[in-house]
Amino acid sequence: MEYSNVIDLFREATRQYTIEEIANILGLHKGTILRWSQNKEVPNNYKADFLRMLGFESNEYSSIKEKDQYYTKSEIAQKCFLKFKEVSLNLNIDLDNYHFIEPSAGNGRFYELLPENKKTGIDIDPKAEGIIKHDYLKWFPNKDGKYIVIGNPPFGLRGHLALQFINHSYKFADLVAFILPQLFNSDGKGSTRKRVVGYKLAYAETLPPDSFEYPNGEEIEIHTIFQIWTKINTDKISLSERKTCSHFITVYSLSDGGKPSNTRNKKMIGKCDVYLPSTTYSGMKAYDSFYDLPHRRGYGVVINRNKTEIKKILKNNDWNKTAFSSSNSAVNLRTSLIEGVVINRGYVDKKLNLWK
Numbered sequence: 002m003e004y005s006n007v008i009d010l011f012r013e014a015t016r017q018y019t020i021e022e023i024a025n026i027l028g029l030h031k032g033t034i035l036r037w038s039q040n041k042e043v044p045n046n047y048k049a050d051f052l053r054m055l056g057f058e059s060n061e062y063s064s065i066k067e068k069d070q071y072y073t074k075s076e077i078a079q080k081c082f083l084k085f086k087e088v089s090l091n092l093n094i095d096l097d098n099y100h101f102i103e104p105s106a107g108n109g110r111f112y113e114l115l116p117e118n119k120k121t122g123i124d125i126d127p128k129a130e131g132i133i134k135h136d137y138l139k140w141f142p143n144k145d146g147k148y149i150v151i152g153n154p155p156f157g158l159r160g161h162l163a164l165q166f167i168n169h170s171y172k173f174a175d176l177v178a179f180i181l182p183q184l185f186n187s188d189g190k191g192s193t194r195k196r197v198v199g200y201k202l203a204y205a206e207t208l209p210p211d212s213f214e215y216p217n218g219e220e221i222e223i224h225t226i227f228q229i230w231t232k233i234n235t236d237k238i239s240l241s242e243r244k245t246c247s248h249f250i251t252v253y254s255l256s257d258g259g260k261p262s263n264t265r266n267k268k269m270i271g272k273c274d275v276y277l278p279s280t281t282y283s284g285m286k287a288y289d290s291f292y293d294l295p296h297r298r299g300y301g302v303v304i305n306r307n308k309t310e311i312k313k314i315l316k317n318n319d320w321n322k323t324a325f326s327s328s329n330s331a332v333n334l335r336t337s338l339i340e341g342v343v344i345n346r347g348y349v350d351k352k353l354n355l356w357k
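As structure tokens, then:
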């Protein structure tokens, strides 16, 4: 059977899977799948996922853009691998007991760093010798081994592919060490990071934006982080204090697309002190009115105390420096970044929370 577009693939998937099963496979909230069904609209970024779910081989349909393909620079891969070894030592994990897997090996930047005879590289379009041509999300290692997964997986829309790579790894790997989109730094309600299954975060580090290049060698600037997740020796993880500022500001995610499916927190529109875009291509800045936001979508900040001082901070902050870039040249904000601007100016709740 042929499918002309992604909505046809989605409809076929709903005949073979329940809504909840589709949500779990894609690493999305069930409500997102229900909205696709109600609106009869599915982002084209998920085409590869539905083809995979329906049994089509990924190398028959994936273009470089669909695979989100770019490579980690050698010096960045080496830096990440050294940090991984350091964190593993602190977790009392003996790496000599493990076989390493690079699941989206590409041109082998991580693969070449891994110990000989104890490594497997996988990619749907391998560019280096020794790498297996396979779809990692359909691949499983020998059941008798102990495994660590490391590398730079494809990100996908809002990190959905990277999340699938993490959750697939949990089925057989004790640790995962991945370069990930910066949105994995956010631990807010409904965040991608909250949908990681089973693992506990052991380490996170922001990487330089010029850490990557396209297959043709052209540099790409994208803001990413390196994270290490483990399901063993979690008692060895040092919890760091998480500063909050909920006594000073409340951040609301706002949108008004004219339909219930793309409208969020509408009752707060006009009641916030400062408005900020969630994504923009034309420069990130603060606005006084929600209706001035690009595409009428972003964040509204209610200032709970110290209103004059905090509003001045939010209005005068250089949001282009605070925001992070994505591979499509957009600049983006998240709630945690907005709160960080206030926290960094000393407006911190007295009772601190711990990262979990």
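Residue numbers (this note's numbering): 2 to 357. A virtual CB, placed ideally from N, CA and C, is assigned to each residue, including glycine. Values in this document were obtained by computation on a predicted structure and should not be read as measured data.
Same chain, Cβ closer than 8 angstroms to residue i, five either side skipped, listed in chain order
i	result
LYS308	ASP274
ARG306	HIS248, PHE249
LEU138	ARG53, GLN165, PHE166, HIS169
LYS371	Because the chain spans 2 through 357 in this model, residue 371 falls outside it and cannot be assessed.
Residue i versus residue j: straight-line alpha-carbon distance, rounded
i	j	result
ASP289	LEU315	11 angstroms
ILE229	LEU92	11 angstroms
ILE233	TYR204	14 angstroms
TYR148	ILE94	12 angstroms
SER239	LEU202	10 angstroms
ARG297	ASP9	30 angstroms
ILE304	TYR253	11 angstroms
PRO127	ASN108	7 angstroms
SER63	ALA331	No answer about SER63 holds up, because its pLDDT of 49 lies below 50 and its placement is not dependable.
LYS267	LEU158	25 angstroms
PRO278	ASN25	29 angstroms
GLU117	GLY131	11 angstroms
ARG16	GLY160	26 angstroms
ASP236	GLN39	44 angstroms
Nonlocal neighbours in the same chain, by C-beta distance under 7 angstroms from residue i, ignoring five residues either side
i	result
ALA14	ILE23, PHE51, MET54, LEU55
GLY152	GLU103, PRO104, SER105, ALA106, PHE111, PHE179
THR231	LEU92, ASP175, LEU176, TYR200, LYS201, ALA203
THR207	ILE226
LEU35	ILE20
MET285	PRO278, TRP320, ASN321, ALA324, VAL332, LEU334
Under the three-state DSSP convention, the category residue i falls into
i	result
ILE26	helix
TRP140	coil
LEU255	strand
LYS119	coil
SER326	strand
HIS224	coil
THR309	helix
TYR288	strand
PHE249	coil
PRO155	coil
ALA163	helix
TYR47	helix
LYS86	helix
LEU277	strand
LYS31	helix
TYR99	coil
LEU338	helix
LYS134	strand
PRO295	helix
ASN91	helix
THR235	helix
LYS201	strand
ASP175	strand
ARG265	strand
ILE18	The displayed chain sequence assigns Tyr, not Ile, to residue 18. Coil, per DSSP.
Nearest neighbour of residue i, chosen from the options [CA to CA]
i	options	result
PHE362	LYS144, LYS267, ILE167, VAL349	Only positions 2 to 357 of the chain appear in the structure, and residue 362 is not among them; the question remains open.
ASN6	ILE311, PHE179, PRO44, HIS30	PRO44
LYS48	ASN25, ASN321, ARG12, GLU76	ARG12
GLY341	ALA331, SER326, VAL302, SER327	VAL302
ILE133	ILE123, SER283, PHE141, PRO142	ILE123
TYR171	PRO142, SER187, HIS135	PRO142
VAL343	THR231, TRP320, PHE325	TRP320
TRP140	SER192, HIS169, SER89	HIS169
PRO210	ASN25, ILE8, TYR300, TYR72	TYR72
LEU162	PHE185, GLU222, LEU35	PHE185
LEU338	LYS351, THR323, GLY347, ARG346	THR323
ASP136	GLU130, ILE125, ALA129	ILE125
MET269	GLY284, SER283, LYS351, THR251	THR251
ASN217	HIS30, LYS312, LYS74, TRP37	LYS74
ALA78	TYR215, LEU115, LYS312, PHE325	LEU115
LYS312	ASP293, LEU294, ARG346	ARG346
C-beta contact flag for residue i and residue j at 9 angstroms
i	j	result
PHE213	LEU255	no
PRO155	THR225	no
VAL177	PHE101	no
THR281	SER327	no
THR245	VAL349	yes
TYR276	GLY299	yes
ALA287	ASN333	no
SER187	THR336	yes
LYS86	LEU96	yes
Contact test: residue i Cβ vs the ligand COA heavy atom, cutoff 8 angstroms
i	result
ILE23	Only the bare structure without any ligand can be found here, which leaves the ligand COA out of the picture.
Chain-order list of residues whose beta-carbon lies under 6 angstroms from that of residue i (same chain, five-residue window excluded)
i	result
ASN98	LYS147
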